[in-house]
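Below is one structure, written out as C-alpha cells; comments come after it.
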Amino acid sequence: MAQNRFQTHHGMKDILPGESEKWRYVEDIIKKTAREFHFSEIRTPVLEQTELIARGVGQLTDIVSKEMFTFERGEDNYVLRPECTAPVARAFVEHHLDQRGGVQKLFYIGPMFRAERPQKGRQRQFHQFGAELIGSSDPIADVEIIRFMMRIYEKIGLKNITLQLNSVGNPESRNNYREALQNYFRPHLNELSEVSQARFETNPMRILDSKEDEDQKWVADAPLITDYLSEECQSHYAEVKRLLNELGIPYTENPLLVRGLDYYTRTAFELTSTDLGSQDALGGGGRYDLLIEEVGGKPTPAVGFASGIERLMIACESLDIPLGENDFPDVYIITRGDKARNWAVKAIDQIRNTGISATMDYSGRSIKAQMKDANRQEATYAVIVGDSELETGLFTFRNMKESEEELLPFEKILQKLIHA
RNA sequence: GAGCCCAUAGCUCAGUUGGUUAGAGCGCCAGGUUGUGGCCCUGGAGGCCGUGGGUUCAAUUCCCAUUGGGCUCCCCA
Numbered sequence: 002m003a004q005n006r007f008q009t010h011h012g013m014k015d016i017l018p019g020e021s022e023k024w025r026y027v028e029d030i031i032k033k034t035a036r037e038f039h040f041s042e043i044r045t046p047v048l049e050q051t052e053l054i055a056r057g058v059g060q061l062t063d064i065v066s067k068e069m070f071t072f073e074r075g076e077d078n079y080v081l082r083p084e085c086t087a088p089v090a091r092a093f094v095e096h097h098l099d100q101r102g103g104v105q106k107l108f109y110i111g112p113m114f115r116a117e118r119p120q121k122g123r124q125r126q127f128h129q130f131g132a133e134l135i136g137s138s139d140p141i142a143d144v145e146i147i148r149f150m151m152r153i154y155e156k157i158g159l160k161n162i163t164l165q166l167n168s169v170g171n172p173e174s175r176n177n178y179r180e181a182l183q184n185y186f187r188p189h190l191n192e193l194s195e196v197s198q199a200r201f202e203t204n205p206m207r208i209l210d211s212k213e214d215e216d217q218k219w220v221a222d223a224p225l226i227t228d229y230l231s232e233e234c235q236s237h238y239a240e241v242k243r244l245l246n247e248l249g250i251p252y253t254e255n256p257l258l259v260r261g262l263d264y265y266t267r268t269a270f271e272l273t274s275t276d277l278g279s280q281d282a283l284g285g286g287g288r289y290d291l292l293i294e295e296v297g298g299k300p301t302p303a304v305g306f307a308s309g310i311e312r313l314m315i316a317c318e319s320l321d322i323p324l325g326e327n328d329f330p331d332v333y334i335i336t337r338g339d340k341a342r343n344w345a346v347k348a349i350d351q352i353r354n355t356g357i358s359a360t361m362d363y364s365g366r367s368i369k370a371q372m373k374d375a376n377r378q379e380a381t382y383a384v385i386v387g388d389s390e391l392e393t394g395l396f397t398f399r400n401m402k403e404s405e406e407e408l409l410p411f412e413k414i415l416q417k418l419i420h421a
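The first sequence stops at residue 421 when you use our numbering, and every number in between is there.
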C-alpha cells in the first residue's frame, strides 16, 4: 500500500468491531467468574521498573534475557510488563496488602509485551487474564486457583484441553534434584544440544523441556523431580492431587513440566489444547512461595495462574465455539426533514434511558438510504418520522424482521419496546 | 538468531511464450421506487499491480535488493 501510511508495530494488532464483541464477551465471563470465586480485580501499570521483572521473573529466563521491551528516561528504567505476577507481587508489597488481613485473592486482565517473532498464537502485545492467591501455602489454595482457571474454560465451552500437573519442589528439593540431574547429564554433556549445554550449569531443569531431538533420548531416562521432593513437598503435592480427584478435575501428571519462569515452587501446571497449532499452551501457573520475599516483602506463600486470551480465542475458533453475539441496535430512528431530525435527537434519549439501544442517521440521507442502513445494522425495529407523523402524533413503528408496521403514539412505542 | 511462503481495488482473488485504456465476485455510493430495507436491474466511486533498482523498444509479468505480512524452529500466553 502507500508507503507513508502509519500502521501498527510488528506483532501488535487492532481489535476492531466484529472482533471486539468477542473480547467483551470473554472478559465478561472472566469478571463474572471472578465474582463467583470472590477474587478482586487489580490493575497495575503497564510499565514497571526493569529491575522488578529481572529479579522477579529471573535473569536467566528467556523473557528477561531476550524478550523485554525496555527504555530509559532520565534516571529511570522502564519495561513493558511481560507478565503480571511480579507486578502484582510488587503491588502487594508496596501497598502492604498483607496488613489487610487474611489472604489476598486478586485477578487481572490486560496486555503483556514480549519482543519475540510473532507467529500464530504469539504476538508482541498479547492479553492475559490471571489470578493470584497470596498468603496461603495450603493445597486448597493451589486447587482454588486451578479450578478458577478451569471454570472459565468450562463456561466458554472449550473442549480438548489437558491440565498437566507437576511439583517442582522447594529450594531444598530442587537443589538435590539439580545435583542429581547434573550428575546424570554430565557424562553426555557434549552430546546435548547447544542450548542444553548452556543450561547445564545455570538451570539444568530447563533441559527437561527441551524439544531438541538430540536431548530427547537422554531426557527420557533422566531422574525425575518426583523422586527428589522433600517430605513436605511430597505431601503437599499429594494433597493437591487428592483434592483435584475429589473435585473431579482431570489432570495428567507430567514430571518434565518445568515452566520457563524462575519463581515457581512446588505446584506447577499448564493447560494445553490440541486446537492451537504449535503454540499449544492456553495458560499455566503454579506456586511461587519465594517471590514476595524476592521483591522485598516478608516471606509469603502464594499461588497463581495466567492465561492467554488470544489463544483461548484461537482454540474456540477452530472448534466453532461462538463467543457471544453481535451487537445489533434495538431501534433505528429514520427521519425526513429538519423538524423530524430535531424531534428524533430528543426522542432517542427517552428510548435509551429505558436501557434499549437506539441509533439513527447522522448524515441526512434519503429514507431509502436510512432503511438500508437500518437493515445493514440489523436493527430490530425502525421508527419513521416525517412531517405527517409530527402533525398527527402517530409514528411509523416498523418491525424489520417481520416487515410489518403500524402507526402508534410515541408513548405506545416506548411501551412496546420495553416489553419486546 | 535461523528457515520457508506471500505481496494486484475496502475484502477474497483472476490476470505470461513481457505489449498499448488492469479485471471479477463481494462490499460501498446512487438511480430504477420524489416516505420504506432485504431480491432483481442499471450506473458510479475506488488501483502509480508493496517500495527501489536492473534487463528490455516495452515490466503487474523476468532478475536483484528492500520493506511489510504469514508460518515454522527455539521458548512461551
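Backbone N, C-alpha and C fix where the C-beta goes; we use that ideal spot for every residue, glycine too.
From the DSSP output, read off the bridge partner residues of residue i.
{"i": "Asn-78", "result": "Glu-73"}
{"i": "Glu-133", "result": "Leu-107, Gly-305"}
{"i": "Thr-336", "result": "Val-386"}
{"i": "Pro-172", "result": "Paired residues: none, contrary to the question."}
{"i": "Ser-41", "result": "Leu-107"}
{"i": "Phe-114", "result": "Gln-126"}
{"i": "Arg-288", "result": "Thr-266, Val-304"}
{"i": "Asn-400", "result": "Tyr-382, Glu-405"}
{"i": "Ala-282", "result": "Thr-273"}
Cα separation between residue i and residue j?
{"i": "Asn-78", "j": "Ala-55", "result": "12 angstroms"}
{"i": "Phe-149", "j": "Glu-326", "result": "24 angstroms"}
{"i": "Met-206", "j": "Ala-199", "result": "12 angstroms"}
{"i": "Arg-353", "j": "Ala-359", "result": "6 angstroms"}
{"i": "Leu-292", "j": "Val-94", "result": "11 angstroms"}
{"i": "Leu-225", "j": "Gly-59", "result": "23 angstroms"}
{"i": "Met-13", "j": "Arg-125", "result": "6 angstroms"}
{"i": "Tyr-363", "j": "Gly-356", "result": "21 angstroms"}
{"i": "Lys-67", "j": "Ala-116", "result": "8 angstroms"}
{"i": "Gly-309", "j": "Phe-329", "result": "28 angstroms"}
{"i": "Ile-315", "j": "Glu-133", "result": "25 angstroms"}
{"i": "Ile-385", "j": "Gly-19", "result": "28 angstroms"}
{"i": "Phe-72", "j": "Thr-45", "result": "19 angstroms"}
{"i": "Ser-426", "j": "Val-80", "result": "The structure shown does not extend to residue 426, since the chain is modelled only from 2 to 421, so the question has no answer here."}
{"i": "Phe-114", "j": "Leu-277", "result": "20 angstroms"}
{"i": "Asp-139", "j": "Val-346", "result": "59 angstroms"}
Can you tell me whether residue i is helix, strand or coil according to DSSP?
{"i": "Leu-257", "result": "coil"}
{"i": "Pro-205", "result": "helix"}
{"i": "Leu-93", "result": "It should be noted that the sequence gives Phe, not Leu, for residue 93. DSSP places Phe-93 in helix when its eight states are reduced to three."}
{"i": "Phe-411", "result": "helix"}
{"i": "Arg-187", "result": "helix"}
{"i": "Ala-422", "result": "Examination of residue 422 is not possible in this model, given that the chain is present from 2 through 421 alone."}
{"i": "Met-13", "result": "coil"}
{"i": "Leu-272", "result": "strand"}
Going by beta carbon distance, what residues of the same chain come within less than 7 angstroms of residue i, once the five residues before and after it are set aside?
{"i": "Tyr-265", "result": "Val-169, Gly-287, Arg-288, Tyr-289"}
Starting from the C-beta of residue i, find all residues in its chain whose C-beta is less than 8 angstroms away, skip the five residues before and the five after it, and write them out in chain order.
{"i": "Pro-410", "result": "Gly-394, Leu-395, Phe-396"}
{"i": "Val-220", "result": "Ile-208, Leu-209, Ser-211, Leu-257"}
{"i": "Glu-233", "result": "Asn-171"}
If residue i sits next to residue j, beta carbons under 8 angstroms apart, how far is it from one beta carbon to the other, in whole angstroms?
{"i": "Ile-1", "j": "Tyr-154", "result": "Residue 1 falls outside the range modelled here, since the chain spans only 2 to 421, and no answer is possible."}
{"i": "Arg-82", "j": "Val-296", "result": "Wrong, their Cβ atoms sit about 13 angstroms apart, outside the cutoff."}
{"i": "Gln-351", "j": "Leu-415", "result": "7 angstroms"}
{"i": "Gly-285", "j": "Arg-260", "result": "6 angstroms"}
Could you pull out every residue in the same chain whose Cβ sits closer than 6 angstroms to the Cβ of residue i, ignoring the five residues on either side in sequence?
{"i": "Thr-86", "result": "Gly-305"}
{"i": "Arg-399", "result": "Ala-383, Glu-406"}
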